[in-house]
Structures are given as C-alpha cells and as structure tokens.
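In UniProt numbering, the protein residues as written are 1 to 294. Heads up, the beta-carbon is just placed ideally off N, CA and C, and yes, glycines get one too. Take a look at the structure set out below.
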C-alpha cells in the first residue's frame, strides 16, 4: 500500500496481478475479496457495545449504541462494517447509515449471508458470533492489501457457501482455517491448512500462512498451528465444519488462495515481502532483490 493511498484506491488494486474475475463474477462463484487490515479486528474496532446488542437491520443501525460506536472512528468502523455486512447479509441486500456528525452516507453490500438472524434485526446467536468472527478473520490482511481469496464453509444455520470446481481449480492452494469469538473474551484464531511455508516463500496473507506456526503483528488474532490438530473436515474434505480449541467448539471458515499469491525467492520479482541479501531465503533473496547496499 502506498503512503497516503485511500481505502478506495487500495480496492482498485484488487485484480492488479492478473486478469481476475469481475466483482459480479466473483460473487456468482462464491468468492470475495479480502483487504480488512488487522486493526479492523482490534478490540476497539469490534466493540460489542455497538454491534452485538443490536441486529443488522436498518433500525439496528439507528440506535444510539451503534452511532456512538461508529462515530468514535468513522474511517475504521466504515471498513469494519463493509466486511461485517458482506459476511452477514445476503447478496442483493445492503445496509445504509448516515452520519449525524458529517452528513456522509455509507452503504455496505451483502454477499455471503452467513447470519440470517442477525441480518434480520435479531441479536446474534453464539453460532452467528462465531461465524462472523471467522469471516472477518479470513478477510484480514496485516499489510492492508487486497488479495483475492476463496472462502469456504457453512453459515450459522449450516447452509453451505456455494462453490464450484472452477473456483477450487483457480484457488488451488489451501491456506488456513479461522475461528473464535470476537464478541467475547475467547479470542480469534488462525491455523494453517497446508505445510508451513519454506524459508524461501512469503505471502501477503501472513496471518494465515506462516513459517513455524507463529504470526507476527497479527494481534488480536493468534496463530495456533495446524487446522488438522483442532478441526474436522466435511464429508468431501473440502473445508472444515468445526474446530475445538480451549474446550470450546467453533464454527470455522476455510480459505484458499491462488498460487501466484505465494511468493518464492528466485521467481524473478523482488516482492514487498522479500529483502535484499546474499541468500535464498525470503528475507535475504539475492536472486530477486540483489545484494544489500554497503
């Protein structure tokens, strides 16, 4: 992300690396675009005072608690709301809020429809809290970049997120699973769904993909190792349907990425995740980034 670049400008870069599908095509394929920064998942960013006590109906967005929560940090909360509505509300619906302070109107669009009760105006159930947490975590990018990602799993009512064989082929790299409950003190967790990255590899999706099971700078999200250690696959072995951690069973979401989004030292491009040096590791990549200046 370039210094001074707006969130809207970042959004326009979502398909810069290849001729990706349009937003409408991605929606039809069951795809979404991540770009929620780690800060969007901070305790302040997801205060339950303004969210969990109200439904996501239009009336819910007009309550004093929501207004207080949103107006405290409009830029951050607008980004958080974009992904909450995208995760919670079905495609074809939207939610709108007008700031009484600035007069600006914000419109957020639904896509995945994972929490029908909350979206209709009810308080979120535990299952809805868990799946929204998983969805926000799956869309987190600690670098604030937009990376196309395939999100798989089941919503709060166990309805499957639709996917196609072409989606699985395009997003052929399994990535991670995400679970937890950000509405409580239980935490937000990520685990890897493939072998750990080699020392020559790196990625902008560093909260899910790691080198040794530890993610730096992804708080409040904690990396807890491998999905296989905590989670159960669906019958087709395509995605995880439950994850148990610290004695609590959660509804998770599973993600896949394109091969191009895993960078390798020696692929001919000095990626922003790579550094100069005289080695073949991502943080000392002579082949792509050259030797460091004396």
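Alpha carbon to alpha carbon, how far is residue 162 from residue 156? Give it in angstroms, no decimals.
For the purposes of this step, residue 156 is identified with residue 156 of the chain shown, where counting begins at 1. For the purposes of this step, residue 162 is identified with residue 162 of the chain shown, where counting begins at 1. Roughly 14 angstroms between the two C-alpha positions.
With distance defined between alpha-carbon atoms, name the residue in 142, 148, 89 and 270 nearest to residue 56.
As a working note, residue 56 is residue 56 in the chain shown. Of the listed residues, the one whose Cα sits closest to residue 56 is 89.
Contacting residues, own chain, Cβ-Cβ under 8 angstroms from residue 267 (five flanking each side not counted):
Residue 267 sits at position 267 when you count from the first residue of the chain shown. Close CB contacts of residue 267 within its chain, under the 8 angstroms cut and outside five residues either way in sequence, are with 288 (chain order).
State the Cα-Cα distance for the pair residue 265 and residue 78, rounded to the nearest angstrom.
To locate residue 265, count along the chain shown from 1; it is residue 265. To locate residue 78, count along the chain shown from 1; it is residue 78. In a straight line, the C-alpha of residue 265 is about 37 angstroms away from that of residue 78.
Between residue 104 and residue 74, is the Cβ-Cβ spacing less than 9 angstroms?
One-based indexing of the chain shown puts residue 104 at position 104. One-based indexing of the chain shown puts residue 74 at position 74. Against a cut-off of 9 angstroms, the Cβ pair of residue 74 and residue 104 comes out as a contact.
Given a cut-off of 9 angstroms on the beta-carbon distance, is the pair residue 174 and residue 261 in contact?
Counting from one through the chain shown, the residue named residue 174 turns up at place 174. Counting from one through the chain shown, the residue named residue 261 turns up at place 261. Going by C-beta atoms, residue 174 is not nearer than 9 angstroms to residue 261.
Inter-residue Cα distance where the pair is residue 190 and residue 169:
The residue labelled residue 190 in the question sits at position 190 within the chain shown. The residue labelled residue 169 in the question sits at position 169 within the chain shown. Just so you know, the alpha carbons of residue 190 and residue 169 end up roughly 23 angstroms apart.
Going straight from the alpha carbon of residue 248 to that of residue 150, what length do you get?
For the purposes of this step, residue 248 is identified with residue 248 of the chain shown, where counting begins at 1. For the purposes of this step, residue 150 is identified with residue 150 of the chain shown, where counting begins at 1. About 26 angstroms.
For the alpha helix (DSSP H) containing residue 74, list its first residue and its last residue.
Against the chain shown, residue 74 aligns to sequence position 74. Residue range 74-88 is occupied by the alpha helix (DSSP H) that includes residue 74.
Of the residues 125, 122, 115 and 80, the one placed nearest residue 108, counting alpha carbons only:
Counted from its first residue, the chain shown places residue 108 at position 108. Of the listed residues, the one whose Cα sits closest to residue 108 is 80.
Since I believe residue 199 is in contact with residue 282 (beta carbons under 8 angstroms), could you give me their beta-carbon distance rounded to a whole number of angstroms?
In the chain shown, the residue the question calls residue 282 occupies position 282. In the chain shown, the residue the question calls residue 199 occupies position 199. Confirmed, about 7 angstroms.
Between which residues of its own chain and residue 244 is the CB-CB distance below 7 angstroms, once the five residues before and five after are set aside?
Position 244 of the chain shown, counted from the start, is the residue given in the question as residue 244. Counting only Cβ-Cβ distances below 7 angstroms, and skipping sequence neighbours, we find 230.
Decide yes or no for the touch test of the stretch 138-148 against the stretch 216-226: beta carbon pairs closer than 8 angstroms, at least 3 of them.
Yes, the stretch 138-148 touches the stretch 216-226.
Return the Cβ separation of residue 180 and residue 188 in integer angstroms, given the expectation that the two are a contact with Cβ distance under 8 angstroms.
Residue 180 sits at position 180 when you count from the first residue of the chain shown. Residue 188 sits at position 188 when you count from the first residue of the chain shown. Contact between residue 180 and residue 188 holds: their C-beta atoms lie close to 4 angstroms from each other, under 8 angstroms.
Between which two residues does the beta strand (DSSP E) holding residue 287 run?
Residue 287 sits at position 287 when you count from the first residue of the chain shown. Secondary structure note for residue 287: it is in no beta strand (DSSP E), and the uninterrupted alpha helix (DSSP H) holding it is 286-289.
In the structure shown, what three-state DSSP assignment does residue 227 receive?
The residue you call residue 227 lines up with position 227 of the chain shown. Helix.
Assuming residue 253 and residue 153 make a contact with CB atoms under 8 angstroms, what is their CB distance in whole Å?
Walking along the chain shown from the start, residue 253 turns up at place 253. Walking along the chain shown from the start, residue 153 turns up at place 153. Confirmed, Cβ separation roughly 4 angstroms.
As assigned by DSSP and simplified to three states, the class of residue 188:
As a position in the chain shown, residue 188 is number 188, starting the count at 1. Taken through DSSP and simplified to helix, strand or coil, residue 188 comes out as strand.
If you measure between the beta carbons of residue 134 and residue 251, is that distance less than 9 angstroms?
Residue mapping note: residue 134 aligns to position 134 of the chain shown, counting from 1. Residue mapping note: residue 251 aligns to position 251 of the chain shown, counting from 1. Their beta carbons are under 9 angstroms apart, which means residue 134 touches residue 251 by this criterion.
Spatially closest choice to residue 226 from 235, 197 and 271, by CA coordinates:
The count along the chain shown starts at 1 and reaches residue 226 at position 226. For the residues 235, 197 and 271, the minimum Cα distance to residue 226 belongs to 197.
Closest by C-alpha distance to residue 185, when choosing among 126, 276 and 270
If you number the chain shown from 1, residue 185 lands on position 185. It is 126.
Look at the Cβ atom of residue 96, then the Cβ atom of residue 106, and state whether they are nearer than 9 angstroms.
For the purposes of this step, residue 96 is identified with residue 96 of the chain shown, where counting begins at 1. For the purposes of this step, residue 106 is identified with residue 106 of the chain shown, where counting begins at 1. Their beta carbons are under 9 angstroms apart, which means residue 96 touches residue 106 by this criterion.
Taking residue 86 and residue 121 to be in contact with their CB atoms under 8 angstroms, please state how far apart those CB atoms are, rounded to whole angstroms.
Mapped onto the chain shown, residue 86 falls at position 86. Mapped onto the chain shown, residue 121 falls at position 121. About 18 angstroms; that fails the 8 angstroms criterion.
When the Cα atoms are used, what is the spatial distance from residue 284 to residue 291?
Reading the chain shown from its first residue, position 284 is the one you call residue 284. Reading the chain shown from its first residue, position 291 is the one you call residue 291. Going by the C-alpha atoms only, they are around 8 angstroms apart.
Residue 77: beta carbon under 8 angstroms from a heavy atom of the ligand COA?
The ligand COA is not part of the structure shown, which contains no ligands of any sort.
Is residue 132 closer than 9 angstroms to residue 63 when the C-beta atoms are compared?
As a working note, residue 63 is residue 63 in the chain shown. As a working note, residue 132 is residue 132 in the chain shown. Going by C-beta atoms, residue 63 is not nearer than 9 angstroms to residue 132.
Using the beta-carbon count (16 or more within 10 Å), is residue 100 buried or exposed?
Numbered from 1 along the chain shown, position 100 holds the residue referred to as residue 100. Counting Cβ neighbours within 10 Å, residue 100 comes out exposed, since fewer than 16 surround it.
Once DSSP output is grouped into helix, strand and coil, what is the label at residue 135?
Translated into positions along the chain shown, residue 135 becomes position 135. Collapsing the DSSP output to three states places residue 135 in a helix.
Three-state secondary structure (DSSP) of residue 174
Taking the chain shown and counting its residues from 1, one reaches residue 174 at position 174. Strand.
Pull up the distance between the alpha-carbon of residue 164 and that of residue 210, whole angstroms please.
Residue mapping note: residue 164 aligns to position 164 of the chain shown, counting from 1. Residue mapping note: residue 210 aligns to position 210 of the chain shown, counting from 1. In this structure, the straight-line span from the alpha carbon of residue 164 to that of residue 210 is close to 27 angstroms.
Is it right to say residue 148 is buried, meaning 16 or more other beta carbons lie within 10 angstroms of its own, or is it exposed?
For the purposes of this step, residue 148 is taken as residue 148 along the chain shown, with counting starting at 1. Residue 148 is buried by the Cβ-count criterion.
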